[in-house]
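Contents: one structure, followed by commentary.
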Amino acid sequence: MHTCRNCNQSFQTELALELHRDTCSAGQLFCQVCGDRFSEAAATEDGWHYACPNDDCEGSGLKEDLYLIEDLRTTTH
Ligand SMILES: [Zn+2]
Ligand SMILES: [Zn+2]
0 MHTCRNCNQS FQTELALELH RDTCSAGQLF CQVCGDRFSE AAATEDGWHY ACPNDDCEGS
60 GLKEDLYLIE DLRTTTH
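Quick note on numbering that gives the first Met the number 0: the sequence shown kicks off at 0 and runs consecutively.
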C-alpha cells in the first residue's frame, strides 16, 4: 500500500500514487532540489522558515529551493 503523505489517501500501486500526486490539492509546494511535492504544513512549523521535509534533501527557503505549485503554473505559460 502506498500512501500520499499530504492527504493520507492510499493507493494500490506506486504509479497510482505518482499520478495522484500531480493533482493532489494538499501538495502545494515543490522542492526543486529533490523534485518532491509536499504540503505547506510539512515544510514549515512556524509559517516563516520553510525547509524540505525529506531527510536526505538540503532544500530550504520559500522561492529559493521551494516553490508554490501555483506560482510555477502562472509563470510557465
Ligand atoms: Zn494526496
Ligand atoms: Zn527536497
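We put the CB at the ideal spot given by N, CA and C, even for glycine.
Residue i and residue j closer than 8 Å at C-beta
i, j, result
"residue 71", "residue 10", "no"
"residue 50", "residue 38", "no"
"residue 83", "residue 1", "Nothing about residue 83 can be read from this structure; the chain reaches only from 0 to 76."
"residue 33", "residue 3", "no"
"residue 27", "residue 64", "no"
"residue 5", "residue 25", "yes"
DSSP beta-bridge partners of residue i
i, result
"residue 1", "10"
Lining residues of ligand 1 - beta-carbon closer than 7 Å to any non-hydrogen atom, in sequence order: Matched residues: 3, 5, 6, 8, 19, 20, 23, 25, 26.
Every unbroken alpha helix (DSSP H) within the segment 43-75, with a cutoff of 4 residues, ordered by chain: 68-74
Check your reading: residues with Cβ closer than 6 Å to ligand 2 heavy atoms: 30, 32, 33, 35, 51, 53, 56, 58
Uninterrupted beta strand (DSSP E) stretches inside the segment 13-41 (no shorter than 3 residues): 28-30
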